[in-house]
Structure formats: structure tokens, C-alpha cells
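Worksheet for the structure shown next.
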Amino acid sequence: NAGVTQTPKFQVLKTGQSMTLQCAQDMNHNSMYWYRQDPGMGLRLIYYSASEGTTDKGEVPNGYNVSRLNKREFSLRLESAAPSQTSVYFCASSSTVETQYFGPGTRLLVL
Amino acid sequence: QKEVEQNSGPLSVPEGAIASLNCTYSDRVSQSFFWYRQYSGKSPELIMSIYSNGDKEDGRFTAQLNKASQYVSLLIRDSQPSDSATYLCAVNRLTGFQKLVFGTGTRLLVSP
Chain A
361 NAGVTQTPKF QVLKTGQSMT LQCAQDMNHN SMYWYRQDPG MGLRLIYYSA SEGTTDKGEV
421 PNGYNVSRLN KREFSLRLES AAPSQTSVYF CASSSTVETQ YFGPGTRLLV L
Chain B
33 QKEVEQNSGP LSVPEGAIAS LNCTYSDRVS QSFFWYRQYS GKSPELIMSI YSNGDKEDGR
93 FTAQLNKASQ YVSLLIRDSQ PSDSATYLCA VNRLTGFQKL VFGTGTRLLV SP
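The listed protein sequences derive, respectively, from chains A and B.
First residue of the first sequence: 361, per this note's numbering; consecutive thereafter.
First residue of the second sequence: 33, per this note's numbering; consecutive thereafter.
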């Protein structure tokens, strides 16, 4: 039981490049989330998926897209990376009423 | 006003002391409240949840909730150096679905 896994762990991009962050969970959770964490800003919700087949914007969705591929997988895409997207990205999952479990994070640097 | 506010710290306490971490929230309809611990370079992990007014104890940890004052706190008794971390307060306004709003966290330093 791996919980929530994320790939890659680290990534360096140049401005304008694209990339997809992958997230998978093996806890049979319905809901999945993408957050970014910046110094002094705390965790901010980018997008979430309440259940398979649905996605919704969170607090800071601009510059990102998501895909809920199936119940296990939820990916985050940066179409044209900007230095302001340098951050640590966390994926999380939860069942309907229980709390969220976080993946190990992806550290992204955009030059 | 931020939706969930925490003092960023650091809060420094000696080993064996009680550490008291505080959090206020702005939305009166908030339903459930959580404390996460995050070690440097790691992901947040849940340590306490509380849903109704009063105290909830789990080992050395006690969460306290006062909905009238819109205040939630975390007490750590017999603090250990291994408790040194950032503690994130999170609030859920919804029922039946987890959509959390996080505070910016309080850094706790426990000195031997």
C-alpha cells in the first residue's frame, strides 16, 4: 500500500516549456487534489476532483490544467511554464468524509 | 482578513514543556478542523481532527475548539525535539466533502 505517489520528485524547466505532474493513489479514494506550497503562502488549492469524471478550479488555477484519468490517477499540466510557477506541488486524496492524505511532493524550478 | 490565520513563529519551547499553537478562522459555517504536521522538506501529515466544541485528546496532543470564538488550538504536552516542525491548521467549510483551507503554519522549535 503506497498511499499517494507523485512523479517526478524534482524538475527544472525553462520558461515556456510544458510538463505534466503525475499523481496516483491506491486507497480507493473518490477525491483528489493538487496544491502548491510557497514560502509564507501556505498550501493553496489549484484544482480538485470530487469524484472520477469531475474536476473543479480551486484558489489558484490560472496557468494549470488537470485530468482525472481514472479513480486512481490525477495529473496536473503546465502548458507554458512561468517563473511564478516555481513551487512545491503536492497531490492529495481523500474519501468523502475522512481527511486528506498527501503525496511526497514535486519540487519545480522554472528558470 | 485571511480565512485561516496562524502566527508564523517560530515558537520556541524547551524539551518537556507544553507547546500551545493557535489558529483563528473567519467563516462561521466551518464544520471541521484539522492539524497537520510538516517536517522540513516533507509532506503534511494529519495529527488531529476535531469536529465539535471542547477538547479532544490523543496521546500527547490535545486539540481544542471554540466555535463561538472561531478559535482552534493544539497543545503538545511533554514536547520533544522530534516535535520540531511546522504545524498547519486547516478548516473545512463543507459537509460530506473535503475542501480544506490551510493556514500558513506555525514553526515549532523544541530545544533539548
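Cβ coordinates follow ideal geometry from the N, Cα and C atoms, glycine included.
According to DSSP, what are the bridge partners of R404 (chain A)?
-> Per DSSP, A:R396.
Select from A:S391, A:Y424, A:G413 the residue whose C-alpha is nearest the C-alpha of Q377 (chain A).
-> Per the C-alpha coordinates, the member of A:S391, A:Y424, A:G413 positioned closest to Q377 (chain A) is A:Y424.
How many Å lie between I406 (chain A) and Q385 (chain A) at the Cα?
-> Approximately 18 Å between the Cα atoms of the pair.
Taking just the CA atoms, how far does S101 (chain B) sit from A51 (chain B)?
-> C-alpha of A51 (chain B) to C-alpha of S101 (chain B): approximately 21 Å in a straight line.
Of all the CB atoms in chain B, is at least one closer than 8 Å to the CB of L403 (chain A)?
-> By the rule that beta-carbons nearer than 8 Å mark a contact, L403 (chain A) touches chain B.
Is any beta-carbon of chain A found at less than 8 Å from that of F66 (chain B)?
-> Yes - at least one Cβ of chain A is within 8 Å of the one on F66 (chain B).
Under 8 Å between the Cβ atoms of S409 (chain A) and F370 (chain A)?
-> With a cutoff of 8 Å on beta-carbon distance, S409 (chain A) and F370 (chain A) are scored as not near each other.
Would you list, in chain order, the members of the stretch 124 to 144 of chain B that have their beta-carbon closer than 9 Å to a beta-carbon of chain A?
-> Those would be N124, T127, G128, F129, Q130, K131, L132, V133, F134, G135, T136, G137, in chain order.
Per DSSP, what kind of secondary structure is P144 (chain B) in: helix, strand or coil?
-> Correct three-state label for P144 (chain B): coil.
Selected residue, minimal CA-CA separation from Q136 (chain B), among A:G400, A:T375, A:W394, A:M392 = Per the sequence presented here, residue 136 (chain B) reads as Thr, with Gln not at that position. It is A:G400 whose Cα lies nearest to the Cα of T136 (chain B).
In chain order, what residues of the stretch 449 to 470 of chain A put their CB closer than 7 Å to some CB of chain B?
-> Hits within the stretch, in order: F450, S454, T456, V457, T459, Q460, F462, G463, P464, G465.
Using only alpha-carbon positions, find the residue among A:R428, A:R437, A:V420 that is nearest to A413 (chain A).
-> For the record, residue 413 (chain A) in the displayed sequence is Gly; it is not Ala. Among A:R428, A:R437, A:V420, the Cα nearest to that of G413 (chain A) is on A:R428.
Cut-off 7 Å between Cβ atoms - residues of its own chain near V133 (chain B), not counting five sequence neighbours on either side | The answer, listed in chain order, is E35, V36, A122, V123.
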